[in-house]
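Notes to accompany the following structure.
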Amino acid sequence: MLKGLRPAGWLPVFYLLALLASLLSNAAPLRAQEAAGLPAMAAMGADVTALVVRFDDQGRAHRIASMNADQPLSPASVSKLFVAADALRTYGAGHEFSTPLYGTGPVQGGVLQGDLIYVASGDPSITQDDLGRMADMLRASGVQRITGRLRVNLLRFGPLDCEIKDRCQALRRSAHAYDAPLAAAATDFGTVAVMVTPGSGAGAPANVSMLPFPIPAVRINAAVKTHASSMALNAGRQTADGVDTINVSGSMPAGAAPFIFHRAISNPPLVLGQILHGYLQRSGIRIDGGVTVEDAPVPADARQLMAFNGQRLGLILADMLRFSNNAIADILTLDLAADLRPGQRQSLAAASGRLGETVLGPGDGQDPQLFSGSGLSPESRVSAAAIVALLHGMYLDTASFPDFYAGLEVPMSARGRTIKRGNTDWRTRVAGKTGWLSEPRSVFGFAGYWRARGGGFGAFAFLVNSRKGRPFGRGHAFDAVRSDISAILQQY
């Protein structure tokens, strides 16, 4: 059972402690006539933890149904709820990460006599367009030439190990956009954009190029033909001798609009630096030196030339939750560790170990156990009771709840087709975060809030994990959860 539960600041700790103890002591399996989905999956060999509560007019939670509510299971991307809660309560929805540029020498007659230092702030929202804006802002400040290098400073987190299997493999090769290595300095979540444009007619080679322009750290190896009608592109990245090569093959229909895709890269700080270097030149700033990446204190005599404020945190979290962005979740996890425990560099696993504490308080070392904020770590464990306690705490936090709730998906307006299936109640009275893993076991999760017909709120959390050798399909698990929630919506 969770211990040390801590709600929003004005509520006593014992209040939610008593609530959670009551919910768990009265826990009973969902009756088949109320919700046949999850009991049926459990009968087929899946592990299930589930809890549904309703909030009364005073904000107290009342258990409606539960099934193994205190059993910790793998949460997959549902763990991003813990990141969002901590980030909102620590920084506030209006927070903007500020990335400064420093000069190591004086600026005289438009010339910076020294190096330009990009001091990474751990802003997970930085894009290529932002780098272009930084360059334009520096040029507008009067800098026309830099006699030294561009230095990308990673002091905020320091060097990071890959830790997660997908990211370790992506140091050598990747065919995805979600598995880039983590770093305090990255652009477009550690990816590069590649554009494919058809040739003049069928049989002509298509044009394949990196956006916004070529850089030394990334090469494009293309073998794409223009076809009368067929669209079939394959793209993967391999890394050797510090250079990423993106191999693109297939066909592109004649007359089609340019197609843009993203691939994870092996060295996000270097790529960020080279793109910023190119934008500086494009903006009219001559830079004599190249790009280096460092992990060292900014020189004491360096002078800040400007600072770039990124996207509001509320918008960052909406993107993280709705698109289940793994890079945002794990970078924010490291940001929280750096700011809540300054001077202590931590691995992602160590930083993740205290996720949720701004709402739940210090845990008992058993629940939750998170090794990443993204949910990519299959060894993470959390129970439905812990998730619902987090959701309840955020519901009671009137300052943070609107932005927290805004990041959740309502089935009717969601992107995926699977979540849209269901009756009107399901499609309009539920808002939640899904999670899914297929290896080393099948994992499905869905957690969030539901609305009663009279307008009141409730919260729910469902996690389903397969046992060894007995995988299940994502759609199968979603149908089971939908069936159970729909039965409750029908009653309330």
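When the letters of the sequence shown are read in order and numbered with mature numbering (1 follows the signal peptide of the UniProt record, and there is no 0), they come out as residues -27 to -1, 1 to 465. Cβ atoms here follow ideal geometry from the backbone N, Cα and C, with glycine treated the same way. Remember, it's a predicted structure, so these values are computed and weren't measured experimentally.
In this structure N299 is in contact with L349, their Cβ atoms being roughly 6 Å apart against a cut-off of 8 Å. Just so you know, the alpha carbons of M225 and F232 end up roughly 9 Å apart. In the three-state reduction of the DSSP assignment, P171 falls in the coil class.
Looking at A450, L333, T391, the one whose alpha-carbon comes closest to that of F55 is L333. Less than 8 Å separates the beta-carbon of A23 from that of F435.
The Cβ atoms of S182 and M204 lie no closer than 8 Å to each other. Going by C-alpha positions, A15 is about 22 Å away from G395. In this structure, the straight-line span from the alpha carbon of D370 to that of D109 is close to 40 Å.
Within the DSSP bridge table, the entry for A434 names L24, A420 as partners. Contact between the stretch 207 to 222 and the stretch 50 to 68 is absent, with fewer than three C-beta pairs closer than 8 Å. Exclusion of the five residues before and after A425 leaves Y465 as the residues of its chain whose Cβ lies within less than 6 Å of its Cβ.
Taking the Cβ atoms as the reference, S50 lies roughly 4 Å from G408, within the contact range of under 8 Å. Cβ neighbours of D139 within its own chain (closer than 7 Å, five residues either side excluded): D152, L349. A425 sits in coil when the DSSP states are folded into three classes, being neither helix nor strand.
Boundaries of the alpha helix (DSSP H) harbouring N299: 299 to 313, taken from the DSSP string. Take the alpha-carbon of N438 and the one of G446: they are about 11 Å apart. The shortest CA-to-CA distance from D96 to any of G380, G431, I301 is the one to I301. In the DSSP assignment, K198 is bridged to P178, S224.
Excluding five sequence positions before and after Q277, the CB atoms of its chain that fall closer than 7 Å to its own CB belong to P73, Y75, given in chain order.
Taking a contact to require three or more Cβ pairs closer than 8 Å, the stretch 376 to 391 and the stretch 79 to 98 do not qualify as touching.
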